[in-house]
Structures are given as C-alpha cells and as structure tokens.
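Numbering (my numbering), first residue to last: 175 to 252.
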C-alpha cells in the first residue's frame, strides 16, 4: 500500500491493522486447504466469520479516519 513512501501518522493504525489482517487471511487460506482434506468445516467457518468481522472493523476505522480528515479540512476552509 505505501511501499517506499512515508506513511501519514493518521493512517499508520490502518496500515498496521491491514497487515495483521493479511497475515490472518493467509493463515486462513492455508487452514482452508488443510481443512478441505479433513472436512472439518465447522472450524473453518468460525475462522472465516472472524476474518469478515476484522475486515468490517478495518473498514469502520478507515471511514472514521476519513470522516475526521474531511471534517478537519472543512473547518479549515471556513
């Protein structure tokens, strides 16, 4: 996302969360391959729901940061 560039301080938590989620998605994909051979789908569905909730949290944090930035810019204009 920000390869070779300085990350704005406001986006650092989002970048850290995104990296953390990517690691867990990779783990879930590996687990899905493993589970597919054993048919233990209950554990896999729990992991997928957890990842979906993490992604939702990431989106909410990003929307909050963007809203804060837009509000700050709007207040500077006046």
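Glycine included, every Cβ here is placed at the ideal spot set by N, Cα and C.
- One alpha carbon belongs to residue 222, the other to residue 192, and they sit about 16 Å apart.
- In terms of Cβ geometry, residue 184 and residue 239 form a close pair [threshold 7 Å].
- The count of Cβ pairs closer than 8 Å, one atom from the stretch 234–248 and one from the stretch 196–206, stays below three, leaving the stretches out of contact.
- Linking residue 188 to residue 196 through their CA atoms gives a straight-line distance of about 12 Å.
- With a contact defined as Cβ atoms closer than 8 Å, residue 198 and residue 234 miss out at about 17 Å.
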